[in-house]
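S.K.: In this note's numbering, the protein residues as written are 42 to 482.
Quick one: the structure is below, questions incoming.
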Ligand SMILES: Cc1cc2nc3c(=O)[nH]c(=O)nc-3n(C[C@H](O)[C@H](O)[C@H](O)COP(=O)(O)OP(=O)(O)OC[C@H]3O[C@@H](n4cnc5c(N)ncnc54)[C@H](O)[C@@H]3O)c2cc1C
């Protein structure tokens with residue numbers, strides 16, 4: 042590879058623009074392909090780069106929240122998206138919200154000030170076979186390119202829908218009310234936490250579900266669900282007992298506290314090795330977030346549940362990153378191809394941006410023949426890289442940043458103190474990593 046060979050980036054959304062900025066600032070030439078305005082995804086509307094497709098909020102701006110910490114880390118890494126967001130912010134309390142048009146304008150102007158950037162407006166349906174390529178085409182990657190990615194990655198590792206059950210923070214579960222057991226397991230050890238319900242509790246829960254508000258489908262979302270991942274409220278709507286024959290079936294689950302099989306059981310499955318996160322098995326849903334919080338907190342043991350991630354079912358193109366990517370965000374099968382943004386297996390504006398930032402730095406190092414150690418997992422950026430590249434690939438689902446993705450703190454703290462402690466550890470570690478790693482890049 043020659044010094045002057047450009048890096049190709051496909052997709053000029055949040056991740057693609059951030060990756061381009063990191064590369065340009067390190068003296069690389071970049072060719073950035075964007076299909077708008079020639080072709081629009083079903084959600085994109087403007088011809089601008091880095092379009093925010095929905096909300097204008099980038100969530101919490103306080104660094105003792107995981108989303109706020111991620112922003113602070115990106116500011117320290119000279120992020121273009123964070124500069125633009127700070128310059129174009131509008132009042133939004135403790136959140137960071139932006140004027141979306143001004144935000145895109147700042148990003149375009151900054152990128153256009155580089156003479157070594159070429160922007161080509163066309164849909165890419167092939168990944169160039171020469172040179173370094175970063176794929177950052179987002180959750181609504183065009184069909185043509187999706188076929189190409191399926192070819193490059195093995196189609197069984199490319200998904201087009203998220204069907205996600207809510208994920209609960211482990212230390213918010215009331216362990217007095219739940220019990221450990223696996224179905225038909227007599228050892229008493231058990232891999233699942235089980236929330237038991239008696240008949241009356243179950244029927245009240247079912248009635249709440251039947252009256253709950255759901256998120257309306259977008260025009261491009263086809264409500265043809267796979268039978269294996271029907272929304273919980275759709276299963277419930279088929280009759281008062283359907284859930285006890287489906288995701289709440291109690292057979293083979295003995296409650297050691299009563300010596301009986303409960304009328305219904307909700308199972309919580311451990312989500313990570315540290316056991317800081319648990320998902321509610323089979324509870325993928327289109328209920329609104331406030332309704333999930335209200336109704337799922339009626340489950341015995343979850344009265345105080347903190348939701349690391351709410352359930353959802355939506356269109357989303359993403360790869361099974363733990364099976365496919367190195368921690369440098371390079372494809373295991375082809376080190377010239379990097380993935381960035383939502384397609385790499387994260388969820389959300391700032392998380393997608395962060396994966397653009399890391400892919401840009403990593404591609405710069407690779408271009409110069411240098412090693413790129415990803416940020417430490419105690420940082421928010423490192424926690425995301427760690428999740429997408431080392432989670433269990435069988436049940437892999439994209440994630441927003443949340444404390445459950447971070448290694449546990451050495452001491453048990455109250456919730457209020459936890460965030461500040463995580464933030465201090467992360468920022469100290471990031472500064473050290475930055476001075477050691479970036480000096481080389
Ligand atoms: C409908 C919808 C609403 C969302 N709302 C929110 C929200 O409110 N808050 C939040 O935090 N997250 C939200 N997300 C999730 C996600 O964080 C955003 O989609 C985010 O913009 C992803 O960033 P990205 O850079 O990975 O992709 P994008 O920002 O989507 O950028 C990808 C770019 O690639 C281009 N492209 C696609 N295919 C090709 C091709 N073949 N050739 C050339 N260019 C191509 C697209 O035109 C686009 O400009 C939403 C997602 C969707 C689908």
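Idealized CB from N, CA, C, for every residue including glycine.
Between residue 325 and residue 447, what straight-line distance do the alpha-carbon atoms span, to the nearest angstrom?
M.R.: Their backbone Cα atoms lie some 24 Å apart in a straight line.
S.K.: Cα-Cα, which of 125, 183, 159 and 453 is closest to residue 85?
M.R.: Nearest of 125, 183, 159 and 453 to residue 85, Cα basis: 183.
S.K.: Measuring only the C-alpha atoms, how far is residue 251 from residue 318?
M.R.: Spanning the two alpha carbons is a distance of roughly 27 Å.
S.K.: Taking a contact to mean a Cβ-Cβ separation below 7 Å, would you say residue 130 touches residue 137 in this structure?
M.R.: Going by C-beta atoms, residue 130 is nearer than 7 Å to residue 137.
S.K.: Which of the three DSSP states, helix, strand or coil, is assigned to residue 237?
M.R.: Residue 237 falls in the strand class under three-state DSSP.
S.K.: Measuring straight from C-alpha to C-alpha, what distance separates residue 48 and residue 178?
M.R.: Near 15 Å, if we compare the C-alpha coordinates of residue 178 and residue 48.
S.K.: Please report whether the beta-carbon of residue 246 lies at a distance below 7 Å from any beta-carbon of chain C.
M.R.: Among the chains in the structure shown there is no chain C, since it carries only a single protein chain.
S.K.: Excluding five sequence neighbours on each side, which residues of the same chain lie with their C-beta closer than 7 Å to the C-beta of residue 123?
M.R.: 112, 115 and 116, listed in sequence order.
S.K.: Report the residue ranges of all alpha helix (DSSP H) runs contained in full by the region 52 to 123; include only those spanning at least 4 residues, in chain order.
M.R.: Listed in chain order, the complete alpha helix (DSSP H) runs (minimum 4 residues) inside the region 52 to 123 are 55 to 66 and 107 to 117.
S.K.: By the three-class DSSP mapping on this structure, what secondary structure does residue 203 have?
M.R.: Three-state DSSP puts residue 203 in a strand.
S.K.: Three or more C-beta pairs closer than 8 Å, one from the region 93 to 108 and one from the region 57 to 65: is that the case here?
M.R.: No: fewer than three Cβ pairs fall under 8 Å.
S.K.: If contact is defined by three or more beta carbon pairs under 8 Å, each pair taking one atom from either stretch, is the region 361 to 372 in contact with the region 420 to 437?
M.R.: Touching, yes, given that three or more Cβ pairs across the two stretches are closer than 8 Å.
S.K.: Output the distance between the C-alpha atoms of residue 478 and residue 419, rounded to the nearest integer angstrom.
M.R.: Spanning the two alpha carbons is a distance of roughly 16 Å.
S.K.: Going by the CB atoms, is the gap between residue 164 and residue 33 shorter than 7 Å?
M.R.: This structure cannot settle anything about residue 33, because the visible part of the chain is limited to 42 through 482.
S.K.: Could you check what DSSP says for residue 438 in three-state terms: helix, strand or coil?
M.R.: If DSSP states are grouped into helix, strand and coil, residue 438 belongs with coil.
S.K.: Taking 7 Å as the threshold (C-beta atoms), are residue 90 and residue 149 in contact?
M.R.: Yes, the pair counts as a contact, with Cβ atoms nearer than the cut-off.
S.K.: Could you spell out the range, first to last residue, of the alpha helix (DSSP H) harbouring residue 478?
M.R.: 456 to 478 is the span of the alpha helix (DSSP H), which, as asked, contains residue 478.
S.K.: Could I get the ranges of all uninterrupted beta strand (DSSP E) runs contained in the region 149 to 200, with 3 residues as the minimum, in chain order?
M.R.: Taking only runs of at least 3 residues, the beta strand (DSSP E) segments lying wholly in the region 149 to 200 are 158 to 162 and 174 to 176.
S.K.: Roughly how far, in whole angstroms, is the beta-carbon of residue 304 from the beta-carbon of residue 225, given that I think they are within contact range, below 8 Å?
M.R.: In fact, because the Cβ distance is near 18 Å, the residues do not count as touching under 8 Å.
S.K.: Do residue 352 and residue 218 have their beta-carbon atoms positioned less than 7 Å apart in this structure?
M.R.: Not a contact, by the Cβ cut-off of 7 Å.
S.K.: Given 6 Å as the limit, tell me if residue 159 has its C-beta closer than that to any heavy atom belonging to ligand 1.
M.R.: It does not: the Cβ of residue 159 is nowhere closer than 6 Å to a heavy atom of ligand 1.
S.K.: Below 7 Å between beta carbons: does that hold for residue 349 and residue 445?
M.R.: Yes, they are a contact pair.
S.K.: Is there contact between the region 358 to 365 and the region 185 to 204, where contact requires at least three CB pairs shorter than 8 Å?
M.R.: Contact holds: three or more Cβ-Cβ distances are below 8 Å.
S.K.: Taking the C-alpha atoms as reference points, what is the distance between residue 468 and residue 454?
M.R.: Answer to the nearest angstrom: the Cα atoms are 19 Å apart.
S.K.: For residue 249, which of 206, 186 and 340 has the nearest alpha-carbon?
M.R.: Answer by Cα proximity: 340.
S.K.: Whole angstroms is fine: what's the gap from residue 105's alpha carbon to residue 161's?
M.R.: If you take the alpha carbons of residue 105 and residue 161, they lie about 40 Å apart.
S.K.: What first and last residue would you give for the alpha helix (DSSP H) that runs through residue 429?
M.R.: Looking at the DSSP string, the run of the alpha helix (DSSP H) that includes residue 429 is 421 to 431.
S.K.: So does residue 329 have its beta carbon nearer than 6 Å to some heavy atom of ligand 1?
M.R.: False, no ligand heavy atom lies under 6 Å from that Cβ.
S.K.: I need the boundaries of the alpha helix (DSSP H) containing residue 337, first residue and last residue.
M.R.: Looking at the DSSP string, the run of the alpha helix (DSSP H) that includes residue 337 is 330 to 337.
S.K.: Alpha carbon to alpha carbon, what distance is there between residue 327 and residue 274?
M.R.: Near 8 Å, if we compare the C-alpha coordinates of residue 327 and residue 274.
S.K.: Could you compute how far the alpha carbon of residue 246 sits from the alpha carbon of residue 435?
M.R.: Taking the straight line from one Cα to the other gives about 30 Å.
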